[in-house]
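Numbering (the numbering used here), first residue to last: 1426 to 1673.
1. For residue 1538 and residue 1580, what's the separation of their Cα atoms in angstroms?
2. In three-state terms, what does DSSP make of residue 1667?
3. Run through the segment 1597 to 1653 for me and flag every whole beta strand (DSSP E) of 3 or more residues, listed as ranges in chain order.
4. What would DSSP say about residue 1525, mapped onto helix, strand or coil?
5. Give the single residue among 1493, 1541 and 1578 whose Cα lies nearest to the Cα of residue 1597.
6. Residue 1510 by DSSP, collapsed to three states: which one?
7. Residue 1478: buried (16+ other C-beta within 10 angstroms of its C-beta) or exposed?
8. Could you tell me whether the Cβ atoms of residue 1617 and residue 1574 are closer together than 8 Å?
9. Would you report the Cα separation of residue 1546 and residue 1657, rounded to the nearest angstrom?
10. As a quick exercise: from 1475, 1570, 1595 and 1576, pick the residue whose alpha carbon is nearest that of residue 1587.
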């Protein structure tokens, strides 16, 4: 075999092998792409972090994200809700369910609910949410009388020193009793956590103190009442829980 024939033969072999390798590589990339596309339907896509997890009465799992709204998992796939679907905010603080099966979302800026088909914003400035408001009254600052029942749902109220209460019919905003400002640079009494306790009491944790409410009276604990020196060891509460012995 002369040199010219050998060279042609060698080029043929190299071309054939390269073609096979290229074909295999292409097939592999397509497979990966298809697999990734399929897994997106049953994989949680949040990347900002999970702040709340809740299982409803139907067995569905709800996940509240830090910046991307809510996802619900029915055992097969995830469905997503954001401000585009009606949520008051994409940062979710807590998720609850009422006696009627409505799912409630406490967001950074308000409260929303989901009835299985649509999301309702309950804290927007609208007289349809506050039917007793006078024409010139500021809806967002309206305060109802403090009350309490076993079926109430309670929600943080953003940066305001109070909470929202849902009594099964409507949402009420409730101001905390006025407190002495211990540190002018802190948003002291914005709620950080809510916990149901013993003896018909509910506890509200705030950055600088605790409010306990039994339906008629408040118990208040802060640096001053506990004798803490704010310069050395100030309260900074993120969560609150009462154990079986009544200890906080």
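We put the beta carbon where it would ideally sit given N, CA and C, even for glycine.
Quick look at the numbers:
1. So the alpha carbons of these two residues sit roughly 12 Å apart.
2. Coil.
3. The segment 1597 to 1653 contains these whole beta strand (DSSP E) runs: 1616 to 1621, 1627 to 1631, 1634 to 1638 and 1643 to 1647.
4. In this structure, residue 1525 counts as coil in the three-state DSSP scheme.
5. Per the Cα distances, 1578.
6. In this structure, residue 1510 counts as helix in the three-state DSSP scheme.
7. With fewer than 16 other Cβ atoms within 10 Å, it is exposed.
8. Cβ atoms of residue 1617 and residue 1574: not closer than 8 Å.
9. Approximately 42 Å between the Cα atoms of the pair.
10. The shortest C-alpha separation from residue 1587 is found at 1570.
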